[in-house]
Amino acid sequence: MKRRTKSPGDDGAAEQAAGNGLLHRRALLGTAVAGIVGAGIGPTATSAAAEPLVEPPWGLQVGENTPAYQTPSKFAGNVVRSLSNPKFEPRSSLSRTPHHLLEGSTTPNGLHFTINHTGVPDIDPRLHRLLIHGLVRRPLVFTLDALLRYPTISRAAFVECGGNSAPLFSPKPIQADVQALHGLASCAEWTGVKLSLLLEECGVDPSAKWFIAEGADAPHLMRSVPLSKGLDDAMIALYQNGEPLMPGNGFPMRLLLPGWEGNLNIKFLRRIKLVTEPAMSFWESQVYTEPMPLQSKTRGKAYQFTFLNEVKSFITRPSPGLDLKQPGMYEISGIAYSGRGKIAKVMVSADGGSSWADAALQAPVMSKAFTRFRMPWRWNGAPATLQSRAWDDQGYYQPTRAAFVAERGQLDAVPSVLAFRNHHINTITSWSVDPHGVVKHAYA
Amino acid sequence: MRKAHLPALVWILGIPAAFAATPNLGKPITPAEMARWDIDIGRDGKWLPPGDGTAAQGAPIYAEKCAACHGDGGRGTELSRTGLPSPPVLVSDVKRKGIDGSTTSIANFWPYAPPLFGYIRAAMPWNTPRSLSDHEVYALTAYILAENKLIDAKQVMNAKTLPKVMMPNRNGFLVRFPEITPR
Chain A
864 MKRRTKSPGD DGAAEQAAGN GLLHRRALLG TAVAGIVGAG IGPTATSAAA
914 EPLVEPPWGL QVGENTPAYQ TPSKFAGNVV RSLSNPKFEP RSSLSRTPHH
964 LLEGSTTPNG LHFTINHTGV PDIDPRLHRL LIHGLVRRPL VFTLDALLRY
1014 PTISRAAFVE CGGNSAPLFS PKPIQADVQA LHGLASCAEW TGVKLSLLLE
1064 ECGVDPSAKW FIAEGADAPH LMRSVPLSKG LDDAMIALYQ NGEPLMPGNG
1114 FPMRLLLPGW EGNLNIKFLR RIKLVTEPAM SFWESQVYTE PMPLQSKTRG
1164 KAYQFTFLNE VKSFITRPSP GLDLKQPGMY EISGIAYSGR GKIAKVMVSA
1214 DGGSSWADAA LQAPVMSKAF TRFRMPWRWN GAPATLQSRA WDDQGYYQPT
1264 RAAFVAERGQ LDAVPSVLAF RNHHINTITS WSVDPHGVVK HAYA
Chain B
8 MRKAHLPALV WILGIPAAFA ATPNLGKPIT PAEMARWDID IGRDGKWLPP
58 GDGTAAQGAP IYAEKCAACH GDGGRGTELS RTGLPSPPVL VSDVKRKGID
108 GSTTSIANFW PYAPPLFGYI RAAMPWNTPR SLSDHEVYAL TAYILAENKL
158 IDAKQVMNAK TLPKVMMPNR NGFLVRFPEI TPR
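For the record, the sequence lines run as chains A and B.
Just so we're aligned: the first sequence equals residues 864 to 1307 in the numbering used here.
Just so we're aligned: the second sequence equals residues 8 to 190 in the numbering used here.
What follows is the structure in structure tokens.
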């Protein structure tokens, strides 16, 4: 989008980039922008006078002893995951990442989303084994100690459940926060051994086209994965943000398939079997499939093998629950990612998609990882509709909700926010802001 | 001197030269040693084990070990009718409705029958997985298929008969990303 020149009637505002108060992303940079100081960019314009400063109690006494493993301040105690099954009834347990309370592009390990179908297993790593067999020259068993002697690599990668954002299939916008709507996606730096290296040691039979990966926990969750992904960027991940994997994220080892549907990234990985055709396990026969709308040409059919998580973005601040206190300057902040590669561009709108401006992308922008985007916004107190839209470096971009629904349909009735009636929705998310500053989920 | 002998040493140990640069710390294992873990079932029935079972044999096992979560006769519980993530309804003749995945079922959706055996054997019962004998798994498979009217109530399920069960939605799928999905 081309820069708009400042108009004389603009009461000295910083550069307008798009309608309803979006300012040029340059306003975020530390480098000087002409006129920025006098243009109402700073938050001080409406601040009340300061009160006299006092020495608070923590400056007058000894603090707590240093713990061996530190946990967040009790004043940050609300920065937690939300739980789908807090009483641990006999069914799956999901925890969702509180995106609205986090910043940057890395999800802390304690806040990484998890889905556990039969509880979190208590695996003794000394007894864990990884078996690679099937169409290989020689089947091999690896211990964790053995894998720790292999060459390792580190990379950032998001993991996203195929059911993330499923509430957007509702015919009306479900009033829930970004954690409830998009909390089944997280991003970490993973360290481990490339699967291709282990496959090479086993000797892959040329007839192998797929592999079946299986976990060691009670469900023995099995998924079929194209072998080409295993030979490309698949990793046996052992570390998450520098420390051993969290139990809910697959300790002591998991399959990491960067950019691919979360359920395929088998946790507690214990077995890889090379085969000629997919197993069509429960997970790929029923769960992770996408029935098509009855009114479409493909009615009655359903998508299967929806491996990729396609390009998506959403605004985390402001968002429902983070209402605006008063008109003035705000930073719009959000997350963008694509299972196909790097984020190339994110645009933001404050007027429901009538006009758009480029957001600033936080460097480094990494392939198949969260990219933080930011946009300066001066809210004038009038109703606004905030949206973000991402493009990836393979040329794919987020569809509007209307365009997505025209192809994939929507539900007849409003579902529970916790339900997964369909999967893989990557539409634009809209937040409406009313004159009181209350932020709500909207369709626009 | 040592360097000169290395290729010969590699050859004697039977390690292909291409592996020499990698740690090569995996331990070889025989099919018998991995048998307890080697539990996938091919979609067309490959690797189905010996054993057999009927719906009549499966009914009491179902009532004792499965009904608490999946409801009487596999018809679901109050929880499974909410559409929340919960134990699925196993027996249903409901027609699929729009894009609503909660109306998909074994009878109206699963493309192949053998994975039903594979899933029960690997993951069920929920609180005591891998506790069933292969005979019991065949019996439960027969029970669920018979209740769904996909097989005759008296039909014996085993490695020969289960792959022949035709599932109505066998051709109901579109490959989402053909360019990365092997044929």
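Each residue gets a CB set at the ideal place from its N, CA and C atoms; glycine is no exception.
Considering only the alpha carbon of each residue, which of the options lies closest to residue i?
{"i": "residue 1195 of chain A", "options": "A:1211, A:1264, A:1257 and A:1078", "result": "A:1211"}
{"i": "residue 1005 of chain A", "options": "A:1046, A:1038 and A:1056", "result": "A:1056"}
{"i": "residue 1230 of chain A", "options": "A:1064, A:1123 and A:1104", "result": "A:1123"}
{"i": "residue 154 of chain B", "options": "B:30, B:77, B:39 and B:62", "result": "B:62"}
{"i": "residue 1288 of chain A", "options": "A:1267, A:1108 and A:886", "result": "A:1267"}
{"i": "residue 1183 of chain A", "options": "A:1131, A:1109, A:1296 and A:1244", "result": "A:1296"}
{"i": "residue 151 of chain B", "options": "B:73, B:188, B:45 and B:185", "result": "B:73"}
{"i": "residue 993 of chain A", "options": "A:1104, A:1132 and A:1254", "result": "A:1132"}
{"i": "residue 1045 of chain A", "options": "A:1026, A:1181, A:915 and A:984", "result": "A:1026"}
{"i": "residue 78 of chain B", "options": "B:33, B:89, B:95 and B:133", "result": "B:95"}
{"i": "residue 180 of chain B", "options": "A:1286, A:1270, A:880 and A:1161", "result": "A:1161"}
{"i": "residue 986 of chain A", "options": "A:930, A:1081 and A:1032", "result": "A:1081"}
Count the other CB atoms, across all protein chains shown, that sit within 10 Å of the CB of residue i; report buried if there are 16 or more and exposed otherwise.
{"i": "residue 1016 of chain A", "result": "exposed"}
{"i": "residue 1200 of chain A", "result": "buried"}
{"i": "residue 925 of chain A", "result": "exposed"}
{"i": "residue 923 of chain A", "result": "exposed"}
{"i": "residue 1147 of chain A", "result": "buried"}
{"i": "residue 1029 of chain A", "result": "buried"}
{"i": "residue 1170 of chain A", "result": "buried"}
{"i": "residue 921 of chain A", "result": "exposed"}
{"i": "residue 845 of chain A", "result": "Missing from the structure shown is residue 845 of chain A; chain A here goes from 864 to 1307 and no further."}
{"i": "residue 166 of chain B", "result": "buried"}
{"i": "residue 1270 of chain A", "result": "exposed"}
{"i": "residue 929 of chain A", "result": "exposed"}
In this structure, how does DSSP classify residue i when only helix, strand and coil are distinguished?
{"i": "residue 1218 of chain A", "result": "coil"}
{"i": "residue 1102 of chain A", "result": "strand"}
{"i": "residue 1065 of chain A", "result": "helix"}
{"i": "residue 1090 of chain A", "result": "helix"}
{"i": "residue 110 of chain B", "result": "helix"}
{"i": "residue 948 of chain A", "result": "coil"}
{"i": "residue 1110 of chain A", "result": "helix"}
{"i": "residue 1031 of chain A", "result": "helix"}
{"i": "residue 996 of chain A", "result": "strand"}
{"i": "residue 170 of chain B", "result": "helix"}
{"i": "residue 148 of chain B", "result": "helix"}
{"i": "residue 1125 of chain A", "result": "helix"}
{"i": "residue 98 of chain B", "result": "coil"}
{"i": "residue 1242 of chain A", "result": "strand"}
{"i": "residue 1070 of chain A", "result": "coil"}
{"i": "residue 129 of chain B", "result": "helix"}
Whose C-beta lies closer than 6 Å to the C-beta of residue i among residues of the same chain, with five residues either side of it excluded?
{"i": "residue 1252 of chain A", "result": "1210, 1261 and 1291"}
{"i": "residue 1256 of chain A", "result": "1204, 1205 and 1207"}
{"i": "residue 1236 of chain A", "result": "1197, 1199, 1209, 1222 and 1224"}
{"i": "residue 956 of chain A", "result": "948 and 979"}
{"i": "residue 144 of chain B", "result": "124, 127 and 128"}
{"i": "residue 1003 of chain A", "result": "995 and 1065"}
{"i": "residue 1272 of chain A", "result": "1156"}
Heavy atom of the ligand SAM less than 7 Å from the Cβ of residue i, yes or no?
{"i": "residue 1281 of chain A", "result": "Of ligands this structure carries none, so the ligand SAM is not represented either."}
Looking only at its own chain, which residues have a Cβ that is under 7 Å from the Cβ of residue i, when we skip the five neighbours before and after it?
{"i": "residue 1306 of chain A", "result": "1036, 1264 and 1293"}
{"i": "residue 48 of chain B", "result": "54, 55, 121, 122, 124 and 125"}
{"i": "residue 64 of chain B", "result": "146"}
{"i": "residue 1128 of chain A", "result": "1022, 1117, 1118, 1119 and 1120"}
{"i": "residue 1179 of chain A", "result": "962, 963, 1041, 1196, 1197 and 1198"}
{"i": "residue 1090 of chain A", "result": "1071, 1072, 1073, 1074 and 1137"}
{"i": "residue 1245 of chain A", "result": "1298"}
{"i": "residue 954 of chain A", "result": "948"}
{"i": "residue 1058 of chain A", "result": "1093, 1097, 1098 and 1099"}
{"i": "residue 1088 of chain A", "result": "1073, 1074, 1076, 1120 and 1127"}
{"i": "residue 80 of chain B", "result": "98 and 154"}
What does a CB cutoff of less than 8 Å around residue i pick up in its chain, not counting 5 residues either side in sequence?
{"i": "residue 1165 of chain A", "result": "1152, 1153, 1154 and 1155"}
{"i": "residue 974 of chain A", "result": "942, 943, 944, 960, 961, 965 and 1049"}
{"i": "residue 1320 of chain A", "result": "Chain A is shown only over 864 to 1307; residue 1320 of chain A falls outside these bounds and no answer can be derived."}
If you measure beta-carbon to beta-carbon, which residues of the segment 1064-1086 of chain A are closer than 8 Å to chain B?
For chain B, the residues of the segment 1064-1086 of chain A that bring a beta carbon within less than 8 Å of one of its beta carbons are 1064, 1065, 1066, 1072, 1073, 1075, 1077, 1081, 1082, 1083, 1084 and 1085, in chain order.
Interface positions of the segment 1120-1143 of chain A facing chain B (Cβ-Cβ less than 8 Å), listed along the chain
Residues of the segment 1120-1143 of chain A whose Cβ lies closer than 8 Å to any Cβ of chain B, in chain order: 1133, 1134, 1136, 1138, 1140, 1141, 1142 and 1143.
Interfacial residues, the segment 1007-1037 of chain A to chain B, with Cβ spacing under 9 Å
For the segment 1007-1037 of chain A, which is checked against every Cβ of chain B, the residues closer than 9 Å are 1008, 1009, 1010, 1012, 1013, 1014, 1026 and 1032.
Residues in the segment 104-120 of chain B having any Cβ partner in chain A nearer than 9 Å
Per Cβ criterion, the list reads 104, 105, 106, 107, 108, 109, 110, 111, 112, 113, 116, 117, 118 and 119.
Which residues, taken in chain order from the segment 76-108 of chain B, show a beta carbon closer than 8 Å to some beta carbon of chain A?
Correct list: 76, 86, 89, 90, 91, 92, 93, 94, 95, 103, 104, 105, 106, 107 and 108.
Which residues, in chain order, does the segment 179-190 of chain B contribute to contact with chain A at a C-beta distance below 7 Å?
Residues of the segment 179-190 of chain B with a C-beta atom less than 7 Å from some C-beta of chain A are 179, 180, 181, 182, 183, 184, 187, 188 and 189, listed in chain order.
Taking a Cβ distance cut-off of 7 Å, strictly less, list which residues of the segment 53-65 of chain B are near chain A, in chain order.
The residues in question: there are none.
Could you list the residues in the segment 1248-1281 of chain A with a C-beta less than 8 Å from some C-beta on chain B, going in chain order?
Of all residues in the segment 1248-1281 of chain A, those with a C-beta nearer than 8 Å to a C-beta of chain B are 1271, 1272, 1273, 1274, 1275, 1278, 1279 and 1281, reading in chain order.
Residues of the segment 974-987 of chain A whose Cβ lies closer than 9 Å to any Cβ of chain B, in chain order:
Residues 978, 980 and 981.
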